[in-house]
Amino acid sequence: MIGFRPAAVGGVVLLAAHCDDLAIGAGGSLLTLCSARPGLRVDALVLSGGGTEREEEEHAALTAFCPGADLRLTVLKMPDGRLPANWEEAKAAVEDLRSRTDPDLVLAPNPADAHQDHRGLAKLVPTAFRGHQALGYEIVKWDGDLGRPSVYQPLTPEVAEAKVTLLQQHYPSQRQRPWYDREAFLGLARIRGIECQSRYAEAFYTSKMTLDLAGG
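Right under this line is the structure:
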């Protein structure tokens with residue numbers, strides 16, 4: 001397994017259908033990235049949960065998951081589970097974000113995600129962020145839609161533990177869900193770690209990647 005290190009990451013866009021998607025799918029990677037790059041610009045867009053306790057949870061959580069970052073978060077009020085019926089609103093929101101930022105990396109849902117809101121948002125990403133490196137995060141769920149990812153971010157044990165702690169701390173509205181627990185989050189991270197010869201990892205999916213093998 002060969003690792004590729006980007007020369008510079010000055011800005012990141014985070015896209016999610018629901019509050020907590022980003023933290024579950026990429027929380028460890030965000031902790032790793034933002035801790036290594038103080039002042040990193042992070043533009044986050046969440047399509048649902050606006051005006052509820054979930055928006056408050058998301059603001060507190062992403063502030064913790066993106067330490068030292070220049071975080072700009074927008075949480076909209078689209079109804080949960082209804083993205084196909086609100087396609088134009090979602091598309092306009094993604095395009096508006098694109099008009100305001102030119103990131104080096106986009107983290108968004110996996111296009112093969114079984115949840116229609118996640119899958120729909122993933123389909124919008126290449127229509128707005130056409131020349132950007134996009135990675136699709138995964139979210140464990142009862143649908144059984146976990147696949148074979150091709151990109152891994154190793155996590156130190158300390159970061160993996162911090163991710164679980166922050167998930168439990170900042171999303172009290174989700175604690176009653178039977179899958180929302182330490183075993184689920186660390187278990188998947190351990191499996192992905194095995195796959196990339198690390199203790200823990202988060203995994204991502206990508207449809208395109210350009211290499212610069214002649215670069216310094």
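Quick note: the sequence shown uses full-length UniProt numbering, first residue 1, plus one each step. The beta-carbon is built from N, C-alpha and C at its ideal position, and this holds for glycine as well. No experiment lies behind these values; they were computed from the predicted model shown.
For residue i versus residue j, is the C-beta distance shorter than 7 Å?
i, j, result
"P154", "A201", "yes"
"G28", "A160", "yes"
"L30", "F65", "yes"
"S99", "P67", "no"
"A44", "L83", "no"
"F204", "G131", "no"
"A60", "H170", "yes"
State the CB to CB distance for the pair residue i and residue j, rounded to an integer number of angstroms; the pair is presumed to be in contact (CB under 8 Å).
i, j, result
"V106", "Q133", "7 Å"
"L97", "V46", "The pair is not a contact, with the Cβ atoms about 11 Å apart (cut-off 8 Å)."
"V42", "E55", "Wrong, their Cβ atoms sit about 17 Å apart, outside the cutoff."
"D70", "A8", "Wrong, their Cβ atoms sit about 16 Å apart, outside the cutoff."
"L22", "L33", "12 Å between Cβ atoms; not a contact."
Starting from the C-beta of residue i, find all residues in its chain whose C-beta is less than 7 Å away, skip the five residues before and the five after it, and write them out in chain order.
i, result
"E53", "S173"
"V140", "L146, W179, A184, L188"
"L186", "A160, V164"
"A162", "L31"
"T156", "none"
Using a Cβ-Cβ cut-off of 6 Å (strictly less than) and excluding sequence neighbours within five positions of residue i, which residues of its own chain qualify?
i, result
"A114", "D143, D145"
"I24", "I139"
"S198", "P154"
"K91", "L124"
"H18", "S48"
How should residue i be labelled, buried or exposed, when 16 other C-beta atoms within 10 angstroms of its C-beta is the threshold for buried?
i, result
"G10", "exposed"
"E158", "exposed"
"Q58", "It is worth fixing the name first, because residue 58 is Glu in this sequence and not Gln. Per the 10 Å Cβ criterion, buried."
"G51", "exposed"
"A85", "exposed"
"S48", "buried"
"G193", "buried"
"D20", "buried"
"L62", "buried"
"M209", "exposed"
"L211", "exposed"
"P79", "exposed"
"D102", "exposed"
"P38", "exposed"
Starting from residue i and walking both ways along the alpha helix (DSSP H), at which residues does that stretch end?
i, result
"R54", "53-65"
"E88", "87-100"
"R190", "182-195"
"V125", "116-128"
"V159", "157-170"
Return the first residue and the last residue of the beta strand (DSSP E) that residue i is part of.
i, result
"A201", "200-205"
"P38", "Looking at the DSSP string, P38 is not in any beta strand (DSSP E), and its letter there is neither H nor E."
"T74", "70-75"
"P84", "Segment: none, P84 is in no beta strand (DSSP E) and carries neither H nor E."
"L14", "11-16"
"P109", "105-109"
"L135", "134-137"
Apart from the five residues on each side of it in sequence, which residues of its chain come closer than 8 Å, Cβ to Cβ, to residue i?
i, result
"L121", "L15, A16, A17, L47, L83, A90, V94, A108, P109"
"R182", "V164, Q168"
Does the CB of residue i have a neighbour CB from chain B at under 7 Å?
i, result
"D102", "Structure shown: chain B not included; a single protein chain is present."
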